[in-house]
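Asks: By this note's numbering, the letter at position 192 of the sequence shown is numbered 1421, and the numbering carries on one by one without gaps.
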Amino acid sequence: MAGKISSSIIREVFWRPFLFLFLIMVSSEGAISLETDLDEGTVTVDSMDKSDSWTVKTDGRGSLAQISSVPDPAGTCLSVSFNLVPNGYIGISRNLDLKSLGAGEKIRFSYRGSGAPNTLELRLVDRDGTTYRYPWNAKTSAPEWTVLEASLDDFECLRRLDGTECQGKKLYSNSVGSMNFIIYNWQGDQPGSGTVLLDQVESS
């Protein structure tokens, strides 16, 4: 009996350092991975692969729009086809959970476009119904995939829910309740038809 106990103790003493080292290695790898994810801090707001999440709106003056999901190099993206009358606009809109943007200070998306160059604008609406906007003039025509990014601090307060002015009101990431992409015919733009592909909206 004493001989068997001694052998068991010897085996335990021999293997214990290796087990301890293995556990340290696993824990270290997990910690590094978690820290990297936290440092990146990127949140996917919308992968833009489902057209049924979006609602189309037009100016009621003859401008037309149609959306669909189409293949892209990374998988699927949202196609927005438009035909704008002079000074016209179209838009797509969807509701968001108030946590959709996380704690992000910036928002970005990928896009590619063809046809008549017109202004592309991102609008965010907070839970109070106040609308904020950030425009990119004459940007709907872009032959290569491009990333557009804007700081939430740079969004202009457009109007409150009751239509009154809201100049100077700040936009916070945890108060955004809906997101809109607007394409409109602005000064220097060209009315007519075109297509914009939208992909991977992210906050960081």
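For each residue, glycine too, the CB sits at the ideal point set by N, CA and C.
If L1377 sits next to L1400, beta carbons under 8 Å apart, how far is it from one beta carbon to the other, in whole angstroms?
Replies: At roughly 17 Å, the Cβ-Cβ gap does not stay under 8 Å, so L1377 and L1400 are not in contact.
Asks: Throw me the rounded Cβ distance for the A1371 and I1336 pair, which I believe falls under 8 Å.
Replies: Incorrect: roughly 18 Å between the Cβ atoms, too far for contact.
Asks: Who are the Cβ neighbours of E1264 in its own chain at under 7 Å, not counting the five residues just before and after it?
Replies: Per-residue confidence for E1264 stands at a pLDDT of 24, beneath the threshold of 50, marking its modelled position as unreliable; no derived number is given.
Asks: Are the CB atoms of S1297 and S1282 within a distance shorter than 8 Å?
Replies: Against a cut-off of 8 Å, the Cβ pair of S1297 and S1282 comes out as no contact.
Asks: Could you give the first and the last residue of the continuous beta strand (DSSP E) run that contains A1379?
Replies: Counting along the chain, the beta strand (DSSP E) containing A1379 begins and ends at 1371-1380.
Asks: Starting from the C-beta of D1383, find all residues in its chain whose C-beta is less than 7 Å away, skip the five residues before and the five after it, and write them out in chain order.
Replies: Cβ neighbours of D1383 beyond the five flanking positions: Y1363.
Asks: Unbroken alpha helix (DSSP H) runs of length 4 or more, entirely within the segment 1304-1358: which are they?
Replies: Taking only runs of at least 4 residues, no alpha helix (DSSP H) segment lies wholly in the segment 1304-1358.
Asks: Roughly how many whole angstroms lie between the Cα atoms of S1432 and Y1361?
Replies: In a straight line, the C-alpha of S1432 is about 16 Å away from that of Y1361.
Asks: Give the straight-line distance between the Cα atoms of K1328 and R1341, rounded to the nearest whole angstrom.
Replies: C-alpha separation (whole angstroms): 28 Å.
Asks: Closest to W1415 by C-alpha separation, out of P1300, K1286, N1316, would be which residue?
Replies: It is N1316.
Asks: Rounding to the nearest angstrom, what Cα-Cα distance links E1385 and T1393 in this structure?
Replies: So the alpha carbons of these two residues sit roughly 14 Å apart.
Asks: What residues are listed by DSSP as bridge partners for A1227?
Replies: Nothing can be reported for residue 1227: it is not among the residues displayed for the chain, which extend from 1230 to 1433.
Asks: When you compare only the Cα positions, how much space is there between L1267 and D1357?
Replies: Here L1267 scores only 33 on pLDDT, less than 50, and its place in the model should not be relied on; the value that follows carries that caveat. Cα-Cα distance, rounded: 30 Å.
Asks: Please determine, among R1290, F1338, L1387, the residue with the shortest C-alpha to C-alpha distance to T1375.
Replies: The residue with the shortest Cα to Cα distance from T1375 is F1338.
Asks: Take the Cβ of Q1429 as the centre, count every other Cβ of all protein chains shown within 10 Å, and call the residue buried at 16 or more, exposed below.
Replies: By the neighbour-count rule (16 or more Cβ atoms within 10 Å), Q1429 is buried.
Asks: Where do the ends of the beta strand (DSSP E) carrying M1277 lie?
Replies: Counting along the chain, M1277 falls outside any beta strand (DSSP E), and DSSP gives it neither H nor E.
Asks: What number of angstroms, rounded off, separates the C-alpha of D1326 from the C-alpha of V1314?
Replies: Their Cα atoms are separated by approximately 34 Å.
Asks: In the DSSP assignment, what residue or residues form a beta bridge with E1394?
Replies: Answer by DSSP bridge pairing: none, since E1394 is not bridged.
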